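Trainee: Below is the structure I would like to discuss, written out as structure tokens.
Number of protein chains: 2
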Amino acid sequence: MKLENSITHENINQNLLKVNYAVRGPILDRAEQIERELAKGVSKPFERVIRANIGDCHALGQQPFTFIRQVMALVSCPTLLTSEEFPEDVKDKAREILDDCTSGSVGAYSPSLGLRCVRRRAAEYLAARDGVPAAADDVWLGAGASDLVKSVLSLFAGQVDGKPSAVMVPVPQYPLFSGTLAELGVHMAPYYLDEENHWAVCIQELERSWNAASKEHAVRALVIINPGNPTGQVLSRENIEKIIKFAHERRLLIMADEVYQENIISKPFHSFKKVTHELGAPYCDMELSSFVTASKGWAAECGARAAFVELRLPRAARAALLRVRALQQCPAVPGQAVLHCVVRAHPVRSSPTVLCARRCGPPRSGEPSHAQFAAELRSVRAVLRARAAAAHRVFSSLPGYCCNVIDGSMFAFPRVELPARAQRAARRAGLQPDELYCLRLLEDTGICVVPGSGFGQRPGTFHFRTTILHPPHEFRYMLRAIAAFHHSFLEQYRG
Amino acid sequence: MKLENSITHENINQNLLKVNYAVRGPILDRAEQIERELAKGVSKPFERVIRANIGDCHALGQQPFTFIRQVMALVSCPTLLTSEEFPEDVKDKAREILDDCTSGSVGAYSPSLGLRCVRRRAAEYLAARDGVPAAADDVWLGAGASDLVKSVLSLFAGQVDGKPSAVMVPVPQYPLFSGTLAELGVHMAPYYLDEENHWAVCIQELERSWNAASKEHAVRALVIINPGNPTGQVLSRENIEKIIKFAHERRLLIMADEVYQENIISKPFHSFKKVTHELGAPYCDMELSSFVTASKGWAAECGARAAFVELRLPRAARAALLRVRALQQCPAVPGQAVLHCVVRAHPVRSSPTVLCARRCGPPRSGEPSHAQFAAELRSVRAVLRARAAAAHRVFSSLPGYCCNVIDGSMFAFPRVELPARAQRAARRAGLQPDELYCLRLLEDTGICVVPGSGFGQRPGTFHFRTTILHPPHEFRYMLRAIAAFHHSFLEQYRG
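Going down the list, the protein sequences come from chains A and B. Under this note's numbering, the residue at position 266 of the first sequence is numbered 327, and the numbers go up by one with no gaps. Under this note's numbering, the residue at position 58 of the second sequence is numbered 119, and the numbers go up by one with no gaps.
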């Protein structure tokens with residue numbers, strides 16, 4: 062008796078078949094295969110694969126912050142609170158967290174929204190950032206920003222007055238958005254970022270996108286990624302004002318993916334929350350969702366899966382979402398402890414750049430852990446700035462390359478002109494031209510980057526995204542290797 | 062200009078409005094309110110609220126296992142690996158985990174399925190449990206079993222040949238299932254457990270349920286909760302065989318929620334995987350999903366949000382689900398470390414009860430941490446058995462109460478006959494009769510239990526679920542207080 066499958070291509074949830082996530086897509090599969098080949102002794106023109114596909118700082122050698130990891134150790138193993146190996150400010154932090162855990166154990170469930178102490182600290186952080194009070198009750202903790210983005214997007218699944226819902230998403234975009242919308246069966250209404258204008262959000266393009274989508278869809282929300290992923294821009298205050306007015310006029314929920322707000326390189330960051338507040342009524346009362354994570358910023362604790370969203374929703378929507386999230390009990394409590402370390406507010410501000418350095422977290426000046434923390438922070442910031450400048454320099458100088466200045470985030474996203482012969486060769490192989498380019502780069506150099514087609518791009522343009530997180534010597538090697546590869550690629554496909 | 066809401070009761074995803082999760086429902090809201098009243102000095106007939114609504118062992122005073130917490134501390138803060146305060150077997154475990162983390166940091170993302178070393182250990186655990194090899198590639202780690210149950214259920218959203226999908230779920234059930242199905246818009250096809258037959262699964266009742274649902278739905282999967290939640294039964298091997306044959310005949314994916322498999326009190330546990338294997342072809346080749354968690358069992362590390370599912374799926378379904386889960390990156394890595402501590406396999410087996418005590422986890426006899434671990438394990442097991450017996454004794458002796466023997470899990474689920482006058486009073490107040498009973502219990506005694514209507518029950522019967530996890534003196538108080546309350550409740554509503 063042959064067994065028939067209970068789940069087939071035909072009867073599976075069809076939305077799932079439409080999900081793609083290029084950051085962990087076919088290029089990474091091939092990179093992992095190459096790693097296995099190298100381990101077996103297969104000869105390659107390089108010694109090892111360099112993963113530049115994902116913003117994973119620790120994987121690329123950034124050392125964890127001592128303070129955070131000491132707090133994690135203490136909350137995990139409170140008997141260490143009597144050890145003299147830990148500074149007092151670390152112990153205080155750990156005690157504050159443990160006092161808020163039921164029966165003092167990170168092994169107990171927290172409230173679904175997250176520990177009260179973490180949500181209070183997050184609200185203080187927001188208040189210091191924006192100059193306007195924030196409510197701990199509007200802070201929802203989650204298992205990474207991805208988890209929270211999915212929850213907020215889930216509000217829109219279904220139809221309104223017979224029209225299926227749609228959400229406006231920038232192109233290029235971080236494919237969490239396209240993937241999650243596909244999973245939820247919500248239409249994605251793309252709007253193009255203005256590459257010639259430093260990846261700004263053009264209001265006419267928003268209008269074009271909204272008009273096009275509104276013919277057959279109910280447009281419900283507007284996703285903004287600032288600082289940009291993969292594009293690395295930081296939006297100007299004027300641009301943000303116009304976006305807010307656009308969203309307000311059309312009753313769109315702004316979803317401000319601001320997870321790179323602490324990865325600022327050259328331009329000041331303005332949160333959507335702050336700008337809505339400064340615009341006054343009616344904008345300061347808008348519903349809003351904005352995302353902050355422990356995976357990015359200086360801490361870069363991706364493995365902790367810890368983030369929060371400030372979510373201002375009408376009461377009925379809030380109650381419904383609370384019930385849904387309660388089904389999953391709560392976010393991981395050790396991750397909540399990490400978030401607590403990241404979001405302590407520093408109210409002192411002066412210039413924009415000093416603001417960035419100061420308001421981000423513990424320990425405060427005068428506390429025992431401060432000197433080490435400050436040294437670790439300086440080092441993380443200095444290398445990011447240096448690498449952003451080096452990447453921009455190289456990607457602006459190669460023939461056919463073009464790259465905006467990297468204002469923030471941890472990525473470069475150069476545009477690459479690909480020869481017509483290369484484009485034809487790609488299509489014959491069933492690949493996008495930039496996929497071919499990135500696969501060839503991987504085979505020749507071991508460098509794993511993500512093709513622009515994984516993020517979306519204007520038709521006829523080609524890009525790739527690379528992280529700029531590697532140790533200096535490796536990063537220099539990468540840039541040299543990409544340059545050499547590009548010349549040989551052009552040579553091969555010369556018209 | 063008055064701001065209109067962007068999200069209203071009318072335009073929100075309507076599925077979200079149908080989600081209910083009684084374990085964190087209105088009774089808990091009232092309990093939390095009472096706690097705040099007590100804190101303000103309001104006088105009550107009790108000193109504090111006793112939460113018996115959720116299986117959260119640490120919250121109720123169970124101490125974490127030293128070994129697990131020491132491993133957590135070391136993987137968080139690897140500089141402690143040189144400290145002499147930690148035994149060598151703890152250090153070995155931590156090194157094994159860190160060696161598998163990219164660049165040795167729990168702050169790096171893991172593969173979406175989870176760390177390779179944890180999945181390999183989990184496969185060994187399954188192999189030792191079932192006497193049949195398990196593949197690490199079939200082990201998917203997640204943020205608690207809830208996360209993984211949702212993923213597997215998501216396979217079924219949508220329609221098959223124009224019929225909406227349905228999933229068979231026991232009644233009473235753990236409301237994660239009804240809630241998640243509502244969220245996904247998948248129909249729940251209820252089948253009643255046989256309370257008179259020790260909450261067994263009656264095959265005729267499965268057939269009735271399947272036939273009823275199949276008229277308008279495509280029935281796709283069969284949920285079994287074993288040991289039962291809230292019902293506390295452990296299914297016999299014969300019962301499991303018949304269930305497997307039933308599911309096979311109708312091409313249903315079995316979803317075996319076996320998260321209480323280490324909370325065995327009086328009857329041997331048989332996994333669905335083992336029984337399919339022992340039945341031989343064609344059953345041993347069936348697709349199957351079975352869930353194991355670090356939140357339950359002896360470790361009870363709920364806050365870690367760490368679980369795995371053994372998931373045998375056809376290739377296309379596996380690939381689709383992998384892409385969807387990659388959107389969320391990976392489960393929290395500190396939680397994966399906890400799971401690694403929980404699932405080390407012990408191949409030694411003799412009788413069923415010794416099997417339970419032995420196969421569960423580290424450290425092994427002869428290792429430095431073994432004596433302390435063994436003492437902690439004995440204590441956890443002994444108190445669970447004692448409380449199960451005490452609960453059964455009391456709930457079998459009260460007038461109008463009736464309670465099956467508690468074979469496993471951490472709950473008692475007594476049936477309570479409620480006077481007709483009480484039923485009428487409840488309906489006048491817009492409550493289910495068991496809700497009224499539980500609310501009154503809370504107001505009179507401070508004890509917070511969950512009404513049977515939150516889990517589902519045969520019409521006209523009333524139950525409640527209480528955890529049996531409290532410290533001995535508190536548990537004795539609870540049982541006495543429930544008995545006294547019941548007598549006064551009967552008195553008040555005497556016909």
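Ideal placement from N, C-alpha and C gives every residue a C-beta, glycine not left out. What you are looking at is a predicted structure, and each value in this text was computed from that prediction instead of being measured.
1. Indicate whether Asp117 of chain B and Ala387 of chain A have their beta-carbon atoms separated by less than 8 Å.
2. Considering only residues of the same chain and omitting the five flanking positions on each side of Thr522 of chain A, which have a CB-CB separation below 7 Å?
3. Determine the closest residue to Val295 of chain A out of A:Asn287, A:Pro139 and A:Arg439, with distance taken between C-alpha atoms.
4. Just to confirm the assignment: which complete beta strand (DSSP E) runs, minimum length 3, are found wholly within the segment 166-249 of chain A?
5. Please classify His531 of chain A as buried or exposed, where buried requires at least 16 neighbouring CB atoms within 10 angstroms.
6. Write down every uninterrupted run of the beta strand (DSSP E) in the segment 458-538 of chain A whose length is 3 residues or greater and which is fully enclosed by it, in chain order.
7. Short of 7 Å in beta carbon distance, which residues of its chain neighbour Asp161 of chain A, apart from the five on each side in sequence? Order them along the chain.
8. Would you identify the three-state DSSP class for Glu266 of chain A, choosing helix, strand or coil?
9. According to the neighbour-count rule (16 or more other Cβ atoms, all chains shown, within 10 Å of its Cβ), is Pro494 of chain A buried or exposed?
10. Quick check on this structure: which residue in A:Asn465, A:Val221, A:Pro460 and A:Leu202 has the alpha carbon closest to the alpha carbon of Pro480 of chain A?
11. Out of A:Ile68, A:Arg91 and A:Ser67, which one is the CA nearest neighbour of Leu503 of chain A?
12. Looking at the secondary structure, which residues open and close the alpha helix (DSSP H) in which Ser137 of chain A lies?
13. Specify, as a first and last residue, the run of the beta strand (DSSP E) that Leu283 of chain A falls within.
14. Would the segment 300-308 of chain A and the segment 328-338 of chain A be scored as touching if the rule is three or more Cβ pairs under 8 Å?
15. Does DSSP put Arg425 of chain B in a helix, in a strand, or in coil?
16. Any Cβ of chain B within less than 8 Å of the Cβ of Leu313 of chain A?
17. Can you round the beta-carbon distance between Glu83 of chain A and Thr528 of chain A to whole angstroms, since I take them to be within the 8 Å contact cut?
18. For Glu339 of chain A, which residues in chain B fall below 7 Å Cβ to Cβ?
19. Just to check my reading of the structure: Pro533 of chain B and Phe525 of chain B have Cβ atoms closer than 8 Å, yes? What is that Cβ distance to the nearest angstrom?
20. Counting only the same chain and skipping the five closest in sequence on each side, list residues whose C-beta sits under 8 Å from that of Leu99 of chain A.
21. I need the straight-line Cα distance from Leu314 of chain B to Ala183 of chain B, nearest angstrom please.
22. Considering Cα atoms alone, identify which of A:Arg482, A:Ala317, A:Ala197 and A:Phe516 is closest to Phe472 of chain A.
23. So Thr354 of chain A is in the beta strand (DSSP E); what residue range does that whole segment cover?
24. On the CB-based measure, 16 or more other CB atoms within 10 Å of its CB, does Asn74 of chain B come out buried or exposed?
25. Hey, would you say Arg373 of chain B sits closer than 8 Å to Leu349 of chain B, going by beta carbons?
26. Assuming Ile315 of chain A is part of the beta strand (DSSP E), what are its boundary residues?
27. Could you spell out the range, first to last residue, of the beta strand (DSSP E) harbouring Ala368 of chain B?
28. Out of B:Glu244, B:Ala120 and B:Ala274, which one is the CA nearest neighbour of Tyr252 of chain B?
29. Whole angstroms are fine: how far does the CA of Ala447 of chain A sit from the CA of Phe456 of chain A?
30. Using a Cβ-Cβ cut-off of 6 Å (strictly less than) and excluding sequence neighbours within five positions of Glu478 of chain A, which residues of its own chain qualify?
31. Does Asp208 of chain B come within less than 8 Å of chain A when only Cβ atoms are used?
32. Out of B:Ala342, B:Gly240, B:Val132 and B:Ser226, which one is the CA nearest neighbour of Leu383 of chain A?
33. Check the Cβ of Phe472 of chain A against every Cβ in chain B and list those closer than 7 Å, keeping chain order.
34. Please determine if the segment 354-373 of chain A and the segment 197-206 of chain A are in contact, where contact requires at least 3 C-beta pairs separated by less than 8 Å.
35. Note down, in chain order, every chain B residue with its Cβ under 9 Å from the Cβ of Ile115 of chain A.
36. With a threshold of 16 other CB atoms inside 10 Å of the CB of Glu310 of chain A, please say whether the residue is buried or exposed.
Mentor: With the structure as the only source:
1. No, they are not a contact pair.
2. Scanning its chain for C-beta atoms nearer than 7 Å, with the 5 sequence neighbours on each side dropped, one finds around Thr522 of chain A the residues Arg476, in chain order.
3. Ranking the options by Cα distance to Val295 of chain A, first place goes to A:Asn287.
4. Complete beta strand (DSSP E) runs here, min 3: 200-203 and 224-232.
5. His531 of chain A comes out buried.
6. Within the segment 458-538 of chain A, complete beta strand (DSSP E) segments of at least 3 residues are found at 525-528, given in chain order.
7. The beta carbon of Asp161 of chain A is closer than 7 Å to those of Leu176, Arg177 and Cys178 in its chain, skipping five residues each way along the sequence.
8. In the three-state reduction of the DSSP assignment, Glu266 of chain A falls in the helix class.
9. Classified as buried, Pro494 of chain A has 16 or more neighbouring CB atoms from the shown chains inside 10 Å of its CB.
10. The candidate whose alpha carbon is nearest that of Pro480 of chain A is A:Pro460.
11. The shortest Cα separation from Leu503 of chain A among A:Ile68, A:Arg91 and A:Ser67 belongs to A:Arg91.
12. For Ser137 of chain A, the enclosing alpha helix (DSSP H) covers residues Thr127 to Ser137.
13. Element bounds for Leu283 of chain A: Ala279 to Ile286.
14. Between the segment 300-308 of chain A and the segment 328-338 of chain A there are three or more inter-stretch CB-CB distances shorter than 8 Å, so the stretches are counted as touching.
15. Looking at Arg425 of chain B - three-state DSSP - the assignment turns out to be coil, as it is neither helix nor strand.
16. So yes, Leu313 of chain A belongs to the interface.
17. Per the sequence presented here, residue 83 of chain A reads as Ala, with Glu not at that position. Actually they are not in contact, since the Cβ atoms of Ala83 of chain A and Thr528 of chain A sit about 14 Å apart, beyond 8 Å.
18. Per Cβ cutoff of 7 Å: no residues; Glu339 of chain A is ~17 Å from chain B at best.
19. Between Phe525 of chain B and Pro533 of chain B the Cβ distance is about 21 Å, and since that is not below 8 Å, they are no contact.
20. Non-local C-beta neighbours of Leu99 of chain A in its own chain, meaning closer than 8 Å and more than five positions away in sequence, comprise Lys105, Glu108, Arg109 and Val110, ordered along the chain.
21. Our two residues, Leu314 of chain B and Ala183 of chain B, have alpha carbons roughly 22 Å apart in a direct line.
22. Nearest of A:Arg482, A:Ala317, A:Ala197 and A:Phe516 to Phe472 of chain A, Cα basis: A:Phe516.
23. Segment Leu349 to Thr354, the beta strand (DSSP E) holding Thr354 of chain A.
24. Per the 10 Å Cβ criterion, buried.
25. Cβ atoms of Arg373 of chain B and Leu349 of chain B: closer than 8 Å.
26. Its beta strand (DSSP E) spans residues Leu314 to Asp318.
27. Per DSSP, the unbroken beta strand (DSSP E) holding Ala368 of chain B starts and ends at Ala368 to Arg373.
28. The option with the nearest alpha carbon to Tyr252 of chain B is B:Ala274.
29. Spanning the two alpha carbons is a distance of roughly 14 Å.
30. The residues are Gly461.
31. Answer yes: the Cβ-Cβ gap between Asp208 of chain B and chain A drops below 8 Å somewhere.
32. Comparing Cα positions, the closest option is B:Gly240.
33. Correct list: empty, because the minimum Cβ distance to chain B is about 16 Å.
34. Contact holds: three or more Cβ-Cβ distances are below 8 Å.
35. Neighbours of Ile115 of chain A in chain B, taken as residues whose beta carbon is under 9 Å from its own, are Tyr170 and Gln390 in chain order.
36. So Glu310 of chain A ends up on the exposed side.
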